[in-house]
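S.K.: Below you will find the structure I want to go over with you.
Number of protein chains: 2
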Amino acid sequence: MSDRKEFHDLVDPDVAHDAIESLELAPAPETVPLAEARGRVLAERIDADLDVPGFDRASMDGYAVRGRDTFGADEADPVELDLVGSVHAGTEPEVEVGEGEAAEISTGAVMPDGADAVVMVERTEEVGESAVAVRTAVAPGDNVMLAGTDVAAGARALGPGTRLTPREIGLLSALGLDEVPVRGRPTVGIVSTGDELVRPGEALHSERGEIYDVNSYTIAAGVEEAGGEAELYPHAGDDYEQMERLLVEAAEECDLVLSSGSTSASAVDVIYRVIEERGDLLLHGVAVKPGKPMLIGELEDSAYVGLPGYPVSALTIFQTFVAPAIRDAAGLPEPQTATVRGEMAVRERYAEGRLRLMPVGLLTDEVGETLVYPVDKGSGATTSLVEADGIVAVDPDTEYLDAGEAVDVRLFSPDVRAPTLLVAGEDDPALSRLLDRLDNPRFLPVGSREGLRRLGGGVPDAAVVAGPVDRDVESVDLGGWTREWGLVVAAGNPLGIDGLADLADRDLAFVNRGRDAGIRASLDAAIEELAAERGASRPALTESIRGYEIGSKGFESPARAVARGNADAGLGLRATAEKLGLGFVPLGTESVRIRANPDRAAKPGVEELAAELEGAAETGLFASLAGYESE
Amino acid sequence: MSDRKEFHDLVDPDVAHDAIESLELAPAPETVPLAEARGRVLAERIDADLDVPGFDRASMDGYAVRGRDTFGADEADPVELDLVGSVHAGTEPEVEVGEGEAAEISTGAVMPDGADAVVMVERTEEVGESAVAVRTAVAPGDNVMLAGTDVAAGARALGPGTRLTPREIGLLSALGLDEVPVRGRPTVGIVSTGDELVRPGEALHSERGEIYDVNSYTIAAGVEEAGGEAELYPHAGDDYEQMERLLVEAAEECDLVLSSGSTSASAVDVIYRVIEERGDLLLHGVAVKPGKPMLIGELEDSAYVGLPGYPVSALTIFQTFVAPAIRDAAGLPEPQTATVRGEMAVRERYAEGRLRLMPVGLLTDEVGETLVYPVDKGSGATTSLVEADGIVAVDPDTEYLDAGEAVDVRLFSPDVRAPTLLVAGEDDPALSRLLDRLDNPRFLPVGSREGLRRLGGGVPDAAVVAGPVDRDVESVDLGGWTREWGLVVAAGNPLGIDGLADLADRDLAFVNRGRDAGIRASLDAAIEELAAERGASRPALTESIRGYEIGSKGFESPARAVARGNADAGLGLRATAEKLGLGFVPLGTESVRIRANPDRAAKPGVEELAAELEGAAETGLFASLAGYESE
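As given, the protein sequences belong to chains E and G, one line each in that order.
Under the working numbering, think of the first position of the first sequence as 27, with each following residue one higher.
Under the working numbering, think of the first position of the second sequence as 27, with each following residue one higher.
What follows is the structure in structure tokens.
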């Protein structure tokens, strides 16, 4: 560890780009069947090796002749030729046309030997059974599509580096090729580290602090999207021998090895040592946020890049530094939709002295222009993976990005599109159904209070607000509903919980919601009322409720805690209690309203939302949601 | 056949769109492994079924405590708690924290039961071995990341219709899902008709008039690109029973059946009868060029669409009418790069009284704007498949599109890009190598004369001109080379052909090039000279050369005819003779020049070409090309 380079040697991001480019990923070309060639890139030029069509083809119904025999023929003075047979399309000519001879021929048929032109049938007349009178002169080549007219043998058909789309597949078909030499796809081994990581689909032991491995499949999908082939390797622990064996195995089998997944400093240390001792460490530490601890090196003639552990950081560094190298190796251009230009929706301060790859979300304004806002959840959150659409690179010396300033966003995928509607606020099961009816909406379950705050800040198109509101924000009410809220208790209410007073008076374990939740505001209003009834102070009352202070984020979380037996009562909805088969003690009914940003009320996504809301009751939005009513 | 609807009942293209939409393609949803889910579309909403993280997690190194026990603690008046054990990251806590107790805890570790807050280690001091002094008050929840903070169980994670990109794969991983419910991909059966069609890779009998089947793989690639699964069925002949069996089999196995490939009227008739007798013919004949004879119907509960036979027409009708229906069924949006806007490079007249789907090529002007020009090869040509980039829909009542007019081009694939360089003119092996060194160039082998004509018309960026030139076009000479031309004869020249005079004086079968070829102009100049020497007329001389009048298109075609034994001599290059192992009788040396459109001389693609040309000799462009010299 004494020789470990320190992060104060952070290299410039351009140096990191160059280092990755210097690693030769390019795999050997391969040959694939034509049916699997779409999307691949030609490894070499394809010259036509045959003529298309491959034969001189009659392009009219008529008579195949030697053109010279018709010279001078016209209506007044026809030439009479001996009829020697006939040729039909799709058959091999059995006749030969000599001087003074003709053969009947149909469109598409092969020109018989000796003939060099076709006289169209309208300018001829049969004379008995064995001769034809030709009433026009034809030059050699007339009404004949010569072999090679479409594609001539020897001609350059497709160049190296051509991306094969359906039309190129068509040309290759015409040339009779059923397999094609294409650029190889670089193979990318993904090594996931960290004892706490569990593969999706396997049992998770939360009690041991296990979490699902997010990075492996995310980065694998990114590799495939960039034109590589991803190979997942089993998890490695922090043990040197095991890590070395795994990394060397991956390096021997793949063109590039990525490690990712661990936030564990000791695992990173072990990898660092393996690369340095067994391979060649090119650089460690890049002046970029996130991704500072990036490693770039070589191992067993393969390239190695170590990605950060947090999912958004890992994907950011992958898309910025690694995906371009994979595309280059595969011969693919950067997708045209890899970046999008938009305007900052808000001002964002920055002055950190190194390049910042800032995760941002997209939305559209009322005229369809793209707006860009920072997604500020901390790089540790998985949800910011889907709340961020891409990254804006902010220069080290940029102090702030002003609202309205144009920025280029590198999307997390060329398939990412700005949501048609951005809504923030109270999570609610009817809202979920409403969103299901819209095309590509985005909802941020930040609670009513935070939703309103953000609406006031100008980013979301609309906020979902439940319960009493202590803040006024200019908005257009699009409609809403009411929902019954109260205490979710164990099925059958075995503790006989009767109401709010029991929470204060009995030693019950309660699970609350966070302060931004509208339902929490409804609870606080009810507590206020109870305190007033009792002539007590509100703090005194809340202090007597065990669990009051800890607010959980999810709207079902309190009920789920009750279902697990971890709590006696949880703040929630009658609909949630019914869904989870639990008991319910009603405390009231609250209103849920959707309030739109007035500037965006005419935006198509908002109008679509308003229209769905308008007919919500009739279209069964509240069906089987206990305690719900349209308002 | 008496009940066959006539083409004069042509329906409006919108009716055809509606008819295809009315056919229900949508296949049943399916479940796919997470590793194969990229690019698919969620069939239903995914709500989180677990909390992420799944446990309350210490976010600091320190002591897990009950917050209430620390109330009032400060530097001056610490609270002393009993130390009951320790908890490390990745392990299950073995202690429980009761009133007045604390447990040592590390970052990322699971909070032990009873504790609700963490005091950071810096604000504590161990007191002996079994107690710790806490010098600050913490509220319940302080320094704890609650279970579900990232994603809360019960929350809406992803909506139905979400396209799965790497980031969504990441969120699904976090939720532990290893398989995902996605929209089914519609299966599309492709039935190819016509006895003359042969699958690529199989032997082609040109002498019987066979050609390779272009449409099957082209349309199959289009189906896959649109999100469907293509299934190729064996060729059907024109026999009713056989065609019926095949169509019914395809309809039973697929959501949609496309027939395509035959230009044979009788095959189309047979299909028409099968659909009408066994299924339901919705419409026949659409007012669109190309594609008039389109059939739309139903068969065995599957949809059926009959595409035109010519490749460009088939792909045009597929992309315009069928691909949108496949995408809808798969739940995929239209790709953002499906269309591009450009300016007409030339004026194009039109007045045909029905919608025209005009194949066009793209190029870019000197400032990178997209220019659009009609590709005019007749819909029968396979090469126009790769010379056209897409289609412009021209309304029936449009009389002309003016040069400079803005048009929308529907690309033949979202992966199609405008070439960086458009060159037209003389085909040449050194040129092919030169083009191989450029990124995405396009070359149209139209011959020197036609290349110059087009250069004058303003479409190509450059023309390749060989031999003597009879037309002057303003241009910038980018450079060139010389090449030796003459007569390609059988290996060893067994007929002892000595020169041009032999062609005129002996009965030799000669294969010429077309009038647009520069090498033909060189030949004609040499004939002129010979005629002058002999005091003969040029026509008298050419008339005595058998084959003079028939010009083949490909630059290797005459030599290949000699190689096949079909001719005694062919007009060609020494380089071609050497490549094909044939004999060569030199007639002269001609210059090949690349001449650029003066308006585009500063365009990057042209500059790149000029730079490659500049260093051509040094970089081995002419290596092993016999008879080539840089000029």
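We put the CB at the ideal spot given by N, CA and C, even for glycine.
Pick out the complete beta strand (DSSP E) segments inside the segment 479-532 of chain E, 3 residues or longer, and give them in chain order.
M.R.: 488-492, 502-515, all fully within the segment 479-532 of chain E.
S.K.: Taking DSSP as the reference, what is the three-state secondary structure of isoleucine 571 of chain G?
M.R.: Taking the second sequence and counting its residues from 1, one reaches residue 571 of chain G at position 545. Coil at isoleucine 571 of chain G, not helix or strand.
S.K.: Determine the extent of the alpha helix (DSSP H) in which glycine 544 of chain E is found, giving its start and end residues.
M.R.: Here residue 544 of chain E refers to the residue found at position 518 when the first sequence is read from its first residue. Run containing glycine 544 of chain E: 544-560, per the alpha helix (DSSP H) assignment.
S.K.: If contacts are defined as beta-carbon pairs under 8 Å, then arginine 539 of chain E and serine 578 of chain E qualify, I think. What distance do you get, rounded to the angstrom?
M.R.: Locating residue 539 of chain E in the first sequence gives position 513, where the first residue counts as 1. Locating residue 578 of chain E in the first sequence gives position 552, where the first residue counts as 1. Sure, about 6 Å apart at Cβ, within 8 Å.
S.K.: Around the Cβ of aspartate 423 of chain E, are there at least 16 other Cβ atoms within 10 angstroms (buried) or fewer (exposed)?
M.R.: Taking the first sequence and counting its residues from 1, the one referred to as residue 423 of chain E is at position 397. Looking at its Cβ environment, which holds fewer than 16 other Cβ atoms inside 10 Å, aspartate 423 of chain E is exposed.
S.K.: Please report the Cβ distance between alanine 163 of chain E and glycine 580 of chain G, rounded to the nearest whole angstrom; I am assuming they are in contact, meaning their Cβ atoms lie under 8 Å.
M.R.: Counting from 1 along the first sequence, the entry for residue 163 of chain E is found at position 137. Counting from 1 along the second sequence, the entry for residue 580 of chain G is found at position 554. That pair is no contact at about 28 Å.
S.K.: Where DSSP assigns a beta bridge to lysine 315 of chain G, which residues make up the other side?
M.R.: Locating residue 315 of chain G in the second sequence gives position 289, where the first residue counts as 1. Beta-bridge pairing links lysine 315 of chain G to G:Arg382.
S.K.: What separation, rounded to the nearest whole angstrom, lies between the Cα atoms of glutamate 4 of chain G and threonine 615 of chain G?
M.R.: The question about residue 4 of chain G has no answer, for chain G in this structure spans 27 to 657.
S.K.: In chain G, which residues lie with their C-beta within 8 Å of the C-beta of phenylalanine 81 of chain E?
M.R.: The residue you call residue 81 of chain E lines up with position 55 of the first sequence. Those are Ser232, Glu233, Gly235, listed as they occur along chain G.
S.K.: Out of G:Leu464, G:Ala589, G:Phe610, which has the shortest C-alpha to C-alpha gap to leucine 513 of chain G?
M.R.: The residue labelled residue 513 of chain G in the question sits at position 487 within the second sequence. Of G:Leu464, G:Ala589, G:Phe610, the residue nearest in Cα terms is G:Phe610.
S.K.: Is the beta carbon of alanine 601 of chain E less than 8 Å from the beta carbon of leucine 651 of chain E?
M.R.: Your numbering for residue 601 of chain E matches position 575 in the first sequence. Your numbering for residue 651 of chain E matches position 625 in the first sequence. Contact flag set, yes.
S.K.: Using a Cβ-Cβ cut-off of 8 Å, state whether asparagine 538 of chain G counts as contacting chain E.
M.R.: Here residue 538 of chain G is taken as the residue at index 512 of the second sequence, counted from 1. Asparagine 538 of chain G does not count as touching chain E.
S.K.: If we require 4 or more residues per run, which alpha helix (DSSP H) segments fall completely within the segment 440-470 of chain E?
M.R.: Listed in chain order, they are 455-462.
S.K.: Tell me the rounded alpha-carbon separation between arginine 586 of chain E and valine 418 of chain G.
M.R.: Walking along the first sequence from the start, residue 586 of chain E turns up at place 560. Walking along the second sequence from the start, residue 418 of chain G turns up at place 392. Whole-angstrom Cα-Cα distance: 58 Å.
S.K.: Could you give the distance in angstroms between the alpha-carbon of glycine 311 of chain G and the alpha-carbon of methionine 320 of chain G?
M.R.: Translated into the one-based positions of the second sequence, residue 311 of chain G becomes position 285. Translated into the one-based positions of the second sequence, residue 320 of chain G becomes position 294. Cα to Cα, the separation comes out at about 5 Å.
S.K.: When you compare the CB of serine 458 of chain G with every CB in chain E, is at least one pair closer than 8 Å?
M.R.: Along the second sequence, read from residue 1 onward, the residue named residue 458 of chain G stands at position 432. By this cut-off, serine 458 of chain G is an interface position.
S.K.: Using a Cβ-Cβ cutoff of less than 8 Å, which residues in the same chain neighbour leucine 197 of chain E once the five nearest sequence positions on both sides are dropped?
M.R.: Against the first sequence, residue 197 of chain E aligns to sequence position 171. Val177, Ala183, Leu184, listed in sequence order.
S.K.: Decide if the segment 274-282 of chain G is in contact with the segment 233-245 of chain G; the criterion is three or more beta carbon pairs, one per stretch, under 8 Å apart.
M.R.: Contact fails: fewer than three Cβ-Cβ distances are below 8 Å.
S.K.: Closest to phenylalanine 661 of chain E by CA distance: which of E:Asp139, E:Ile195, E:Arg626 is it?
M.R.: Here chain E comprises residues numbered 27 to 657, so residue 661 of chain E is not present and cannot be evaluated.
S.K.: In angstroms, rounded to a whole number, what distance separates the CA positions of alanine 276 of chain G and glycine 215 of chain G?
M.R.: As a position in the second sequence, residue 276 of chain G is number 250, starting the count at 1. As a position in the second sequence, residue 215 of chain G is number 189, starting the count at 1. The straight-line gap from Cα to Cα measures roughly 6 Å.
S.K.: Please go through the segment 88-161 of chain G and give each complete beta strand (DSSP E) segment of 3 or more residues, from N-terminal end onward.
M.R.: 88-91, 105-113, 127-131, 143-146, 150-153, 157-160, all fully within the segment 88-161 of chain G.
S.K.: List the residues of chain G that phenylalanine 438 of chain E touches, going by C-beta distances under 7 Å, in chain order.
M.R.: Mapped onto the first sequence, residue 438 of chain E falls at position 412. By Cβ distance, chain G contributes Thr191, Pro192, Arg193.
S.K.: Decide if alanine 622 of chain G is buried, meaning its Cβ has at least 16 other Cβ atoms within 10 Å, or exposed.
M.R.: Within the second sequence, residue 622 of chain G is the residue found at index 596, counting from 1. Alanine 622 of chain G is buried by the Cβ-count criterion.
S.K.: Counting C-beta neighbours from all protein chains within 10 Å, is the total for arginine 66 of chain G 16 or more, i.e. buried, or is it exposed?
M.R.: On the second sequence, residue 66 of chain G is found 40 positions in, with the first residue counted as 1. The residue in question, arginine 66 of chain G, is buried, as its Cβ has 16 or more Cβ neighbours within 10 Å.
S.K.: If you pair each beta-carbon of the segment 468-475 of chain G with each one of the segment 517-529 of chain G, do three or more pairs fall below 8 Å?
M.R.: No contact exists between the segment 468-475 of chain G and the segment 517-529 of chain G.
S.K.: Select from the segment 190-223 of chain E all residues with a C-beta closer than 9 Å to any C-beta belonging to chain G, and list them in chain order.
M.R.: Within the segment 190-223 of chain E, the residues whose Cβ lies closer than 9 Å to some Cβ of chain G are Leu190, Thr191, Pro192, Arg193, Glu194, Ile195, Gly196, Leu197, Leu198, Ser199, Ala200, Leu201, Gly202, Leu203, Asp204, Glu205, Gly220, Asp221, Glu222, listed in chain order.
S.K.: Would DSSP call asparagine 241 of chain E helix, strand or coil?
M.R.: Residue mapping note: residue 241 of chain E aligns to position 215 of the first sequence, counting from 1. Here asparagine 241 of chain E sits in helix by DSSP.
S.K.: Contact between the segment 444-463 of chain G and the segment 374-386 of chain G is defined here as three or more beta-carbon pairs at a separation below 8 Å; is this criterion met?
M.R.: No, they do not touch.
S.K.: For the pair the segment 254-261 of chain E and the segment 209-225 of chain E, tell me if three or more CB-CB distances fall below 8 Å.
M.R.: Yes: at least three Cβ pairs fall under 8 Å.
S.K.: Starting from the C-beta of glycine 253 of chain G, find all residues in its chain whose C-beta is less than 7 Å away, skip the five residues before and the five after it, and write them out in chain order.
M.R.: One-based indexing of the second sequence puts residue 253 of chain G at position 227. Closer than 7 Å at Cβ, skipping near neighbours: Arg211, Ile352, Arg353, Ala356, Leu358.
S.K.: Applying a beta-carbon distance threshold of less than 7 Å, which residues of chain G neighbour glutamine 362 of chain E?
M.R.: The residue labelled residue 362 of chain E in the question sits at position 336 within the first sequence. The contacting residues are Thr363.
S.K.: Quick one: which chain E residues come within Cβ less than 9 Å of leucine 549 of chain G?
M.R.: Along the second sequence, read from residue 1 onward, the residue named residue 549 of chain G stands at position 523. What leucine 549 of chain G touches in chain E: nothing, since even the nearest Cβ is about 17 Å away.
S.K.: Hey, how far is the Cα of aspartate 38 of chain G from the Cα of valine 412 of chain G?
M.R.: Working through the second sequence from its first residue, we reach residue 38 of chain G at position 12. Working through the second sequence from its first residue, we reach residue 412 of chain G at position 386. Roughly 29 Å separates the two Cα atoms.
S.K.: Using only the alpha-carbon positions, how far apart do glycine 607 of chain G and aspartate 295 of chain G sit?
M.R.: What you label residue 607 of chain G is simply residue 581 of the second sequence in a count that begins at 1. What you label residue 295 of chain G is simply residue 269 of the second sequence in a count that begins at 1. Taking the straight line from one Cα to the other gives about 48 Å.
S.K.: Expressed to the nearest angstrom, what Euclidean distance is found between the alpha-carbon atoms of glutamate 228 of chain E and glutamate 122 of chain G?
M.R.: In the first sequence, residue 228 of chain E corresponds to position 202, counting from 1. In the second sequence, residue 122 of chain G corresponds to position 96, counting from 1. About 28 Å.
S.K.: Classify phenylalanine 438 of chain E as helix, strand or coil using the three-state DSSP reduction.
M.R.: Translated into positions along the first sequence, residue 438 of chain E becomes position 412. If DSSP states are grouped into helix, strand and coil, phenylalanine 438 of chain E belongs with coil.
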